[in-house]
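Structure first, commentary second.
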Amino acid sequence: MGQRDLRWLLFSGVMAVVGHAIRRGEITDPWLAGRLARKPKKLAAVALANKMARTVWALATKKETYRVRTGA
10 MGQRDLRWLL FSGVMAVVGH AIRRGEITDP WLAGRLARKP KKLAAVALAN
60 KMARTVWALA TKKETYRVRT GA
């Protein structure tokens, strides 16, 4: 049951971020903007939640801290 709860929490958080970005018209993440241009909002949110879950898993297993990527 724990994984189900975690998936729901990730999806809920991502839907809040996506909805807020769409309402404000300010999608600053190019990856998310590309997904939203090609896919429905909920499908893009699931993809972002999956990306976040993979990032968190990698950070947890490697015992690293998150580093924000700077622009190219």
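No gaps in the numbering here: position 65 of the sequence shown is 74 in the working numbering, and each next residue is one more.
Yeah, the Cβ is synthetic: ideal placement off N, Cα and C, and Gly gets one too.
Taking 6 Å as the limit between beta carbons, can you name the residues of its chain near V23, skipping five residues before and five after?
Translated into positions along the sequence shown, residue 23 becomes position 14. Counting only Cβ-Cβ distances below 6 Å, and skipping sequence neighbours, we find A54, L57, A58.
Would you report the Cα separation of L15 and I36, rounded to the nearest angstrom?
Mapped onto the sequence shown, residue 15 falls at position 6. Mapped onto the sequence shown, residue 36 falls at position 27. In a straight line, the C-alpha of L15 is about 25 Å away from that of I36.
Buried or exposed: which applies to R44, given that a residue is buried once 16 or more other Cβ atoms fall within 10 Å of its Cβ?
On the sequence shown, position 35 is the one that residue 44 refers to. Its Cβ being crowded by 16 or more others within 10 Å, R44 is buried.
How big is the Cα-Cα spacing for Q12 and T64?
The sequence position of residue 12 within the sequence shown is 3, counting from 1. The sequence position of residue 64 within the sequence shown is 55, counting from 1. Here the alpha carbon of Q12 sits roughly 16 Å from the alpha carbon of T64.
Checking 8 Å against the spacing of the C-beta atoms, do L90 and A62 come in under that value?
Missing from the structure shown is residue 90; the chain here goes from 10 to 81 and no further.
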